[in-house]
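Asks: Residue numbers for the sequence shown follow UniProt numbering, so the first one is 1 and each next one is one higher.
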Amino acid sequence: MWEALLDLIYPPRCIFCTEIIPFQEERGICKRCRNTLPFIEGKVCQKCGKPIQDSDHRTTCFDCIKNSHVYDRGWAVFAYEGMVKDAIYRFKYGGHKEYGKYLGKLMAEKIKYQISEEGFDLIIPIPIHKRRKKERGYNQAEELAKSISSELGIPMDPFILARVKETSPQSGLSIVQRQNNIKKAFKIDDTINLHQMKILLIDDIYTTGTTINYCADLLKERGAKKVFFLSLSIGRDM
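1) Exposed or buried, what is H57 when buried is set at 16 or more other beta-carbons lying within 10 Å of its beta-carbon?
2) With a Cβ-Cβ cutoff of 9 Å, do G100 and S147 count as a contact?
3) How close, in whole Å, do the beta carbons of L230 and I88 come, if the pair is a contact with beta carbons under 8 Å?
4) Leaving out five residues on either side along the sequence, give the residues of the same chain with a beta carbon under 6 Å from the beta carbon of D203.
5) Counting C-beta neighbours from all protein chains within 10 Å, is the total for P51 16 or more, i.e. buried, or is it exposed?
6) Whole-angstrom Cβ separation of residue 245 and I205, contact assumed at under 8 Å?
7) With a threshold of 6 Å on Cβ separation, who are the neighbours of A216 within its own chain once the five nearest residues in sequence on each side are excluded?
8) How would you label Y10, buried or exposed, when you count the other beta carbons within 10 angstroms and need 16 or more for buried?
9) Taking the straight line between their C-alpha atoms, what separation do you get for F91 and K133?
10) By DSSP, does D63 sit in helix, in strand, or in coil?
11) Roughly how many whole angstroms lie between the Cα atoms of F78 and T191?
12) Which complete alpha helix (DSSP H) runs does the segment 70-152 hold, if anything under 4 residues is left out?
13) By the DSSP assignment, the beta strand (DSSP E) with I154 in it spans what residues?
14) By the DSSP assignment, the alpha helix (DSSP H) with Y10 in it spans what residues?
15) Give the C-beta separation of L219 and I212 to the nearest angstrom, bearing in mind that I take them to be a contact with Cβ-Cβ under 8 Å.
16) On the three-state DSSP scale, how would you describe L194?
17) What does the alpha-carbon distance come out to for the pair S116 and G49?
18) Around the Cβ of G74, are there at least 16 other Cβ atoms within 10 angstroms (buried) or fewer (exposed)?
19) Per the DSSP calculation, L230 is bridged to which residue(s)?
Pasting the structure below:
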């Protein structure tokens, strides 16, 4: 009763187009957007999951050809553009914590096949600095990870990795600048033992993989057998 009343006062809106969702439709994403979402399909980089032109004979994107990565493999749901880019902005900076539940479900659908292939032991969200989390009220990657964990039945731990240094935004920086920017930005729980575990890192945006790489390195130093990542979005092959 209260939920129906709230819907009348604050009608639910689609997280992508922001239009009001009809009462009879499922919450989160409207029917029109569900049918038109720009999922990554076709040929992708076999290392990071970036979309590659179908006509291209490469199996790896230019970024992964030029730069080595510590992580074992990654996947993404969308290219970081258009309505997806706008939705992520609202999710991170607009106070829409509830987006994590619906976006996480989409990510869980993306990774279902890989679960049977790899058998992930633990899900870990990429952390943000405590000051930023206090300002925002939540860590967007953690909200995604909660939803994915719930959907797939894989445990999630947001405390293994911590961001101990505030860094400048990675966007707009060169590879070298990104690497210098991220140095000593994270630490790992000294008491944790990840021996032979297969870890799935969760983030909202993947660009060059500098952050994922740094975290993967820390996890492997603690004994992780393999480290994968799943990102809500990713840049295109350049």
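Even for Gly, the Cβ is constructed at its ideal location relative to N, Cα and C. Owing to the predicted nature of the structure, the values given are computational and were not obtained by experimental measurement.
Replies: Result, derived from the coordinates:
1) exposed
2) yes
3) With 8 Å as the limit, L230 and I88 do not qualify as a contact, their Cβ atoms being about 15 Å apart.
4) If we look at D203 and ignore the five residues flanking it on each side, its Cβ neighbours are I126, A141, S231.
5) buried
6) No statement about residue 245 is possible, as the shown extent of the chain runs from 1 to 238 and does not include it.
7) V70, Y71, V227
8) Y10 comes out exposed.
9) 13 Å
10) If DSSP states are grouped into helix, strand and coil, D63 belongs with the helices.
11) 36 Å
12) 82-93, 99-118, 130-136, 140-152
13) In the DSSP assignment, I154 falls outside any beta strand (DSSP E), carrying neither H nor E.
14) Looking at the DSSP string, Y10 is not in any alpha helix (DSSP H), and its letter there is neither H nor E.
15) Actually they do not touch by this definition, with Cβ atoms about 10 Å apart.
16) coil
17) 18 Å
18) buried
19) Per DSSP, W75, I202.
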